[in-house]
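Input: a single structure, listed below in structure tokens.
In UniProt numbering, the protein residues as written are 1 to 207.
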């Protein structure tokens with residue numbers, strides 16, 4: 001089956017020394033059954049990025065389940081032809097990854113975006129750089145030329161998007177330049193809570 005082929009090919013969830021990714025093909029209430037350490041009261045983290053949706057435009061596969069190695073998002077990336085072609089055919093990416101080619105067949109739009117983020121990181125991009133070259137943040141005034149300028153140096157990711165990007169200890173919360181996806185947040189003296197869907201903010205007063 002397609003699922004068996006996906007598992008037999010292997011999938012590295014994350015190789016980061018800064019964050020751990022827990023994911024499974026299940027609903028969020030059962031995740032701790034797969035990873036008992038999530039129920040261990042001694043487990044401490046500076047930040048956590050939960051995500052409870054699966055890819056909606058591809059068949060469910062473990063490799064497409066979020067959070068991905070560098071980010072989690074609520075949105076769509078609808079302009080992927082150039083990105084997919086570059087990842088699979090551009091010799092620069094092949095040399096960068098040390099692979100003859102990168103097979104993104106069956107990957108969701110978010111997973112393809114994640115591969116591109118990995119390449120940007122290997123090229124030395126910071127979390128802020130990666131966001132600027134992919135999501136292109138929302139500008140409420142509409143007066144900034146930053147988005148137009150940055151498109152000269154990046155491949156297009158067009159579509160409604162609210163993302164949380166993690167790069168080796170740095171976290172950037174962003175929504176796309178058109179502002180089509182909400183990104184609500186609550187800030188206190190001790191913590192920051194941000195979520196895209198309204199239900200994720202249940203019991204908290206959005207700011």
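Every residue, glycine too, gets a C-beta built ideally from N, C-alpha and C.
Check	Outcome
Under the three-state DSSP convention, the category residue 121 falls into	helix
Helix, strand or coil at residue 192 according to DSSP, with G and I counted as helix	strand
Short Cβ contact (7 Å threshold) for residue 68 with residue 114	yes
Sub-7 Å separation of residue 131 and residue 161 beta-carbons	no
Per DSSP, cross-strand counterpart(s) of residue 71	165
Rounded C-alpha distance that separates residue 180 from residue 74	11 Å
Cut-off 8 Å between Cβ atoms - residues of its own chain near residue 119, not counting five sequence neighbours on either side	87, 93, 96 and 97
Outcome for residue 51 when other beta-carbon atoms lying within 10 angstroms are tallied against a minimum of 16	buried
8 Å contact criterion, which residue 215 and residue 70 should meet: CB distance rounded	No information on residue 215 is available, as it lies outside the stretch 1 to 207 that the chain covers here.
Proximity of residue 109 and residue 77 at Cβ, strictly below 7 Å	yes
Beta-carbon gap between residue 164 and residue 72 smaller than 7 Å	yes
Alpha-carbon to alpha-carbon, residue 66 and residue 4	Only weak support is given to the placement of residue 4: the predicted model assigns it a pLDDT of 44, under 50, and the question is left unresolved by the model.
Residue 174 (DSSP reduced to helix, strand or coil)	strand
Chain-order list of residues whose beta-carbon lies under 6 Å from that of residue 28 (same chain, five-residue window excluded)	52
Residue 185, DSSP secondary structure in three states	strand
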